[in-house]
Each structure stands twice: as structure tokens, then as C-alpha cells.
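Residue 1 is where the sequence shown starts when you use UniProt numbering, and the numbers rise one by one after that. Glycine included, each C-beta is placed from N, C-alpha and C at the ideal position. Accompanying notes for the structure given below.
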Amino acid sequence: MSAWARNRPTKEPYLKVTDSVHGQTVRQSKWVDWNQYVDERSFAQALRDKLVAAGFDSGLGVLIDTSRNGWGGSARPTGAGPLTSVDDYVNGGRVDRRIHAGNWCNQSGAGLGERPTAAPAAGIDAYVWVKPPGESHGASPAVDNDEGKDFDRMCDPTYGGNARNGDNPTGALPGSPRAGHWFSARFRQLMQNSYPPLS
């Protein structure tokens, strides 16, 4: 199962890790931050290849959770970013609209991703929706609960961040309930920002 960054798009259509701007590779951008992959599918396929090379069965396939990585809606770019700098290029063209790649909790702007599909690409057994759309990642305010679910500041939209997310705002939706509970506003936004769009 691949859900590398939980919200990372299956495919970044307007940038590749090998792209460069003024001699700087996309890997040097603040967003990619020296990672080898810019999207979920390239990561999952590379992981599968490394596992097979390490002795796993050559028939091994990977599942990708696409339940919240659609990133459609009006904020979705329609082409590559400007060539003024590597950061402008990446930020202008990436369909993943999170404030920081380390943000994960109930992300504002996220949408439903690819529909569950069998064998959509080489080495990928299926796109699946493991995390039920509309299920909260965690409460945005600290709330009393009898479920033992601690408050995580990364679910608080007023939190200014920490070193793991570059001291950026969390990008979390406000008003979220405890983890695992139904979050109606999140479900509506996932449908609204679905990519491919819902018909």
C-alpha cells in the first residue's frame, strides 16, 4: 500500500523530478526538498522495483490510496509554472496545493482522486480508497474524548507549524471532529475538488 504523503497526487502532470530551471533541478526546490519523486505513482513503481530487486516475487504489485489526492477545483494549475526560478516553476505547476509537503491533516483544497481501478499502470495492482472519504484525520480543536485520541496540532488550522513542516500553517480545515469521525465539510470539499471531476 502506498500513501507516501497521504495527499500527494497520483501523477504530477506538469513537472518531473528531472526538470531543471536555470541550472537548478526540481529536486533543489523547497517543495521537493531533495526527494527522488514528485508524485505517488513514480514513488510506488520505484518502491516495487526495489522490492523485486531485493528478492520479492516479480509478480508483486502495489496499491495506491487515491481517496484524497485529486487536487481538482479552481486552484488546479493548467500548465507548467513560470521559468523565473525553480521554486516558481514547481509552485506554479504542481497540482498538490498543500502549503507544505509535510502537511497531512484534513487538508483544505484536497479532492477525491482516481476512482478505484484495477491494474491502472505497470506495477500497480489497483488504485483504492482505503481512507474513507469524509473520515476526519483528527480534531481541529482540543476536545474531551473517551477514545484516547490525543490532540495533534497539525490538525489545527490556527497552528503556525513546526520544523517538520517548515514552520508553515497546517492548511487543515477548521471544525474537524476527532479522528475516524464523519466530517461533512471535508466530504463536500473532497467531492467539489475531485480530479478527475465527478460527473
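Reduced DSSP secondary structure (H/G/I, E/B, other) of residue i
i, result
"serine 85", "coil"
"glutamine 107", "strand"
"valine 52", "helix"
"aspartate 90", "It should be noted that the sequence gives valine, not aspartate, for residue 90. It is helical."
"residue 228", "Because the chain in this structure spans residues 1 to 199, residue 228 falls outside the shown range and cannot be described."
"leucine 190", "helix"
"asparagine 145", "coil"
"glutamate 12", "coil"
Burial state of residue i, where buried means 16 or more other Cβ atoms lie within 10 Å
i, result
"alanine 172", "buried"
"glutamine 189", "buried"
"tryptophan 34", "exposed"
"phenylalanine 56", "exposed"
"leucine 15", "buried"
"serine 184", "exposed"
"aspartate 146", "exposed"
"leucine 112", "buried"
DSSP beta-bridge partners of residue i
i, result
"glutamate 135", "Trp182"
"alanine 121", "Ile124"
"alanine 46", "Per DSSP, none; premise fails for alanine 46."
"threonine 25", "Ser20"
"aspartate 65", "Val128"
Residue i versus the options, residue with shortest Cα-Cα distance
i, options, result
"serine 20", "Asp87, Ser67 and Arg8", "Asp87"
"glycine 93", "Val38, Arg115 and Gly160", "Val38"
"alanine 142", "Asp65, Arg6 and Cys155", "Cys155"
"valine 32", "His100, Ala46, Pro77 and Arg68", "His100"
"aspartate 152", "Asn165, Gly138 and Asp146", "Gly138"
"asparagine 7", "Arg48, Thr66 and Pro13", "Thr66"
"proline 177", "Pro157, Gly109 and Asn165", "Pro157"
"alanine 44", "Val62, Asn168, Arg27 and Ser29", "Val62"
"proline 116", "Asp125, Asn106, Trp129 and Gly109", "Trp129"
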